[in-house]
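Take a look at the structure set out below.
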Amino acid sequence: MAHEAILAKYPNQVRVDGEAVYFALGPKSLDLDDFTGIPKVIVEMTTLYRNPSLKITGTSPDTDILVSVSTTVHYEGELASKLIVETEPGDRVGLDSGIFRHVELKSGALTARANNSVRRLSLFTNASLTFNVEELELCRDGLTITVGGGGVSVDKIAVSEATPHPNLKLQSDKSNRGDYPLIQGAIIDGPDTLRLDKVALLINETKHQITISGDGIVQVPQRQTLTGLTVIDNPDHPLISLDLGAASSIRDFAGTCFIKRAVGASIIAVHDQSFDYVGVDPTPNRRGEDPLENATLRGAQIKPSSAGRDRIGELANVRVFEPVIDHDTYPPGWRRPFHSLHRLKSRAAGRPDRQTAADHLLDCAYFCKELDVLVTEKCGAGSIRSKVAWGRARAQHLTSGRVERWMYSLFRLVGYGQRPIPPLLTWLAIGSLTMFVAMWMEVDAHSYQGGMLALWVHMLFTPFVLLRFTAETQASGTDVLAGLGVMERQVVLLLQVLVVAAFVSFIAALRNYMRSSLPS
């Protein structure tokens, strides 16, 4: 439509300045079919209007619609009321100048100059975000926001009361991980799920547990603490990396932990749970520092494998490392008492599957040895240290020769001297066996003061009475083995020695389990 026709259709509302058409009083609707061939339409919203609305219909792919705020027609101002915008897919509608307190995007997409400011943006549809927003309100599930290349600042991402659990996707068109645009300063209060697609998100605070997935970078400012963050990612090819400022921390963390930087920072798992530590982001580190120097990782789990050994090497300079040991992630055969690499390899000829299983067990054995070295230096929890030491002993058991393997099999009955439960059960079992053997040899438990229970307790606490080897050294009436022959006494004495060994192993393992040596 020619300029004359536009002036005739919109009397007293439009002026022409070069190639641009200006609407002076903020029309309620525009039909883009009227503006074919006109490159720019500027809509000047006057501050005199209360909650003005702009509905754009039709299509004109070569036309840009820009909304500005003016106190009169010519001077930039602040629109204190709500601006309601409705567009159609493909329309290029943007905020051109002025300050908008509240923009409600009903449909279509919206963009703006980067220096514009919107105090509150309510989204009912997808949008292009190129301007700073104090509060981004999500009014529909499954929204997608495309972020401009320069990044934006969003003080708060919240939800409307009508949309209690929306999912939000933040995306850009960048392909280089180092160029991902940054959404900075956000307080997350509402969306349960955030999907990042080639963007970086700086989070100041989370109001509740939030799940993040996709491809992007999650940043935490210095000395800031986030509580309740879950990252869902592919452990073999992680794409969500964590970039933590100095002295910052993430508590109640779950999911996949792929770290870009965490110098002096802390990542702590949800209580009684763990997260998967899958390595350091290989993106070049411009500062040249160790990304995990003086970091604290509590509740981290590393899968035992050759890749897991690489992960242990990355943790050499951490301050505290408290892993979670889950034997379900270990190769089959790891916990079998008489399983060995020597036997597995001897049967692997011509069997690639068995050769692969042997290789996995060997990687696991080296993993446990290297993990024990790391935990001994970086972990202060005695229970974790004893579990890892048990794993190292198990690795030595697997890789030992035939004679040593049988000795380790007996040593395993007492938890390799590291875990208290196996020697405790062994102590109770041998004490019970000693009592039944004594009764089988016709020791009358009922004639003993206290009966069978007292006899069992006597056998369990043999360490306190073992020095009294013969009845002559005991007080009259205290020899529970009275009436037994010499050979029968020797059999019971041998079992009592085994009870002593199990009891001493239990005390030693309990000490190893309870000891604590905090790292310096």
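Heads up, the sequence shown is in my numbering, so the first residue is 2 and it goes up one at a time.
Glycine included, C-beta positions come from ideal geometry on N, C-alpha and C.
Can you name, in chain order, every residue of its own chain whose Cβ lies under 7 Å from the Cβ of residue i, other than the five neighbours on each side?
i	result
ASP142	THR164, PRO167 and ASN168
THR330	LYS304 and PRO305
PHE125	LEU106, LYS107, SER108, CYS140 and ARG141
TYR23	VAL15, ARG16, ILE43 and GLU45
GLY432	TRP457, MET460, LEU461 and VAL500
ALA263	LEU243, LEU245, PRO292, LEU293 and ALA296
ALA394	TYR417 and GLN419
ILE385	GLU323, PRO324 and VAL376
GLU290	VAL264
Give the single residue among the options whose Cα lies nearest to the Cα of residue i.
i	options	result
ILE61	LEU31, GLU489 and GLY432	Before going on, a small fix: residue 61 reads as Ser here, not Ile. Answer by Cα proximity: LEU31.
VAL17	LEU33, ILE39, ASP34 and VAL271	ILE39
HIS103	LYS83, VAL153, VAL389 and SER433	LYS83
SER214	THR228, GLY186 and GLN172	GLN172
SER54	SER249, SER69, LEU363 and ASP63	SER69
TYR514	VAL94, THR400, LEU33 and GLY381	GLY381
GLY246	TYR417, GLY418, PHE462 and LEU293	LEU293
GLN210	ARG386, GLU138, ASP253 and VAL458	ASP253
GLY265	GLN225, LYS175 and SER275	GLN225
LEU316	ARG352, PHE36 and PHE259	PHE259
PRO236	SER275, THR212, VAL279 and LYS261	VAL279
GLU138	ASP156, THR131 and ASP35	ASP156
PRO332	ARG310, GLN223, ARG352 and THR357	THR357
ARG121	GLU136, VAL321, THR131 and ASN127	GLU136
LYS261	VAL219, ASN52 and ASP234	VAL219
TRP335	GLU323, LEU362 and ARG352	LEU362
THR284	GLU20, LEU67 and GLY179	GLY179
MET436	MET453, PRO421 and GLU162	MET453
HIS398	PHE412, ILE422 and LEU495	PHE412
VAL281	VAL319, VAL271 and SER275	VAL319
LEU230	SER275, GLN223 and HIS4	SER275
GLU20	ASN13, HIS4 and GLN497	HIS4
LEU227	ASP234, ALA390, VAL389 and ILE204	ILE204
Assuming residue i and residue j form a contact by the criterion Cβ under 8 Å, report the distance between their Cβ atoms to the nearest whole angstrom.
i	j	result
THR257	VAL232	5 Å
PHE507	LEU425	5 Å
VAL525	ALA430	The shown model of the chain, from 2 to 521, leaves out residue 525, and the question about it has no answer.
ASP364	ARG310	7 Å
LEU414	PRO423	6 Å
LEU67	GLY95	5 Å
Beta carbon of residue i, beta carbon of residue j: below 9 Å?
i	j	result
THR427	ALA366	no
LEU243	ASP216	no
VAL221	ILE269	no
LYS29	LYS10	no
ASP273	ALA301	no
THR58	LYS41	no
LEU298	SER249	no
ILE146	ASP190	no
PRO182	GLY150	yes
ALA81	ASP97	no
SER129	ILE100	no
ILE85	ASN52	yes
LEU550	LYS170	Any answer about residue 550 is impossible in this case: the structure gives the chain only from 2 up to 521.
Go through its chain and collect everything with a Cβ distance to residue i's Cβ below 8 Å, but skip five positions before and after it.
i	result
ILE313	ILE303, PHE368, GLU371, LEU372 and LEU375
SER154	ASN133, VAL134, ILE184, GLN185 and GLY186
GLY392	ILE326, CYS369, LEU372 and ASP373
PHE36	MET2, ILE7, VAL22, VAL42, SER61 and THR64
VAL487	none
MET442	LEU485, GLU489, VAL492 and VAL493
Please work out which residues of its chain come closer than 6 Å, Cβ to Cβ, to residue i, disregarding the five sequence neighbours upstream and downstream, and give them in chain order.
i	result
GLU206	ILE188
THR400	LEU342 and ALA366
ALA509	GLY418
GLU1	Summary: the structure shown does not reach residue 1, with the chain confined to residues 2 through 521, and so no result is reported for it.
THR131	THR112, ALA113, ALA115 and GLY149
ASP34	GLY59
ALA396	ALA366, CYS369 and LYS370
SER161	GLU138 and CYS140
LEU495	none
SER477	Annotation note: pLDDT 48 at SER477 (below 50); position unreliable, no value reported.
LEU511	PRO421
GLU79	ILE100
SER123	GLU105, GLU138 and CYS140
VAL271	ASP253 and ALA255
Can you tell me whether residue i sits near the ligand ATP, meaning its C-beta is under 8 Å from at least one heavy atom of the ligand?
i	result
GLY246	You won't find the ligand ATP in this model; it holds no ligand whatsoever.
Three or more beta-carbon pairs under 8 Å between the stretch 199–206 and the stretch 304–320, yes or no? no
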